[in-house]
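**Q** Below: one structure in structure tokens.
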Amino acid sequence: MTKKTLLIGAIVAALGAGAIGVGTSLAAQAENREPGFVSEIVTALAERFDLDPTAVQEVFDEQAEANHEEMQARHNELFEDRLAKAVEEGTLTQEQADAVLAKRDEMQAYAETLRDTDPEERKDAMKEKIDALRDWAEENDIPPGFLRFVPLPRNGQGQGREGNGMNHFGNGMGMMR
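Written as structure tokens, this is what we have:
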């Protein structure tokens, strides 16, 4: 190979590595963005297209709510299917499955009451509730794996699917250990 070919290959490799590094860096920043990230986008869109920032924020909020409801419905459907399968297989009785669904609804309602609570208070309150949930499951012979229901957050700071080490209470506990 000529020196020219080697030089071109080295430049292409360096540019490729640089592009991958920048892409990785931007992806990491997007994952760890500050709470004001959405408001910065709203402001930028409003300025760029000469729109009322309040109206742009309303659109973002409406979409976030619609997405939340859709995700929650999908999550609930999958969970209910999982319980039905467990009843079919004899892992749970129908009464246990019904009790788990009622407990899920109770936990979701409770989490909603904590929505505007200080994160540290929310963490402590949910820890108590989760401890009580574990006791309840043991008393009712319900395997802990059937308590892996998580009320999805509505504050735009979702943590993705359960099992990634964090829940939306920010304590890394998930619903069950």
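Letter by letter, the sequence shown follows residues -19 to -1, 1 to 158 of mature numbering (1 follows the signal peptide of the UniProt record, and there is no 0). Glycine residues also receive a C-beta, built at the ideal position from the N, C-alpha and C atoms. Since this is a predicted model, take the numbers as computed values, not measurements.
Applying the criterion that 16 or more other CB atoms from any shown protein chain within 10 Å of the CB defines a buried residue, is A118 buried or exposed?
**A** Here residue 118 refers to the residue found at position 137 of the sequence shown. Result: buried.
**Q** Hey, could you find the ends of the alpha helix (DSSP H) L114 is sitting in?
**A** Numbered from its first residue, the sequence shown carries residue 114 at position 133. Counting along the chain, the alpha helix (DSSP H) containing L114 begins and ends at 100 to 120.
**Q** Quick check: the region 18 to 25 against the region 35 to 49, are at least 3 beta-carbon pairs closer than 8 angstroms?
**A** yes
**Q** Any Cβ of chain B within less than 8 angstroms of the Cβ of W117?
**A** Chain labels in this structure do not include chain B; a single protein chain is all it has.
**Q** When we look at the beta-carbon of M52 and count the other beta-carbons within 10 Å, is it buried (16 or more) or exposed?
**A** Along the sequence shown, one-based indexing puts residue 52 at 71. Under a 10 Å Cβ-count criterion, M52 is classified as exposed, with fewer than 16 other Cβ atoms of the shown protein chains found around its own Cβ.
**Q** By the three-class DSSP mapping on this structure, what secondary structure does G126 have?
**A** Position 145 of the sequence shown, counted from the first residue, corresponds to residue 126. If DSSP states are grouped into helix, strand and coil, G126 belongs with the helices.
**Q** What number of angstroms, rounded off, separates the C-alpha of D86 from the C-alpha of L128?
**A** On the sequence shown, residue 86 is found 105 positions in, with the first residue counted as 1. On the sequence shown, residue 128 is found 147 positions in, with the first residue counted as 1. Each residue's Cα considered, the two are about 12 angstroms apart.
**Q** Could you pull out every residue in the same chain whose Cβ sits closer than 6 angstroms to the Cβ of V68, ignoring the five residues on either side in sequence?
**A** Locating residue 68 in the sequence shown gives position 87, where the first residue counts as 1. Around V68: Q75, A78.
**Q** Which first and last residues belong to the alpha helix (DSSP H) in which T94 is found?
**A** For the purposes of this step, residue 94 is taken as the residue at position 113 of the sequence shown. First-last of the alpha helix (DSSP H) with T94: 75 to 94.
**Q** Beta-carbon separation of V81 and L64 under 8 angstroms?
**A** As a working note, residue 81 is residue 100 in the sequence shown. As a working note, residue 64 is residue 83 in the sequence shown. Cβ atoms of V81 and L64: closer than 8 angstroms.
**Q** State yes or no: is the C-beta of L95 within less than 8 angstroms of the C-beta of A106?
**A** Counting from one through the sequence shown, the residue named residue 95 turns up at place 114. Counting from one through the sequence shown, the residue named residue 106 turns up at place 125. A contact, by the Cβ cut-off of 8 angstroms.
**Q** P34 and A27: beta carbons closer than 8 angstroms?
**A** As a first step, residue 34 must be located in the sequence shown, where it is residue number 53. As a first step, residue 27 must be located in the sequence shown, where it is residue number 46. Yes. Within cutoff.
**Q** Distance check for E109 and P48, CA to CA, integer angstroms please.
**A** Here residue 48 refers to the residue found at position 67 when the sequence shown is read from its first residue. Here residue 109 refers to the residue found at position 128 when the sequence shown is read from its first residue. It is Asn, not Pro, that sits at residue 48 in the sequence shown. Rounded to the nearest angstrom, the two C-alpha atoms are 29 angstroms apart.
**Q** Pick helix, strand or coil for I22, following the three-state DSSP scheme.
**A** Start at 1 with the first residue of the sequence shown, and residue 22 comes out as number 41. Correct three-state label for I22: helix.
**Q** What residue range is occupied by the uninterrupted alpha helix (DSSP H) comprising L59?
**A** Walking along the sequence shown from the start, residue 59 turns up at place 78. Per DSSP, L59 belongs to the alpha helix (DSSP H) from 34 to 70.
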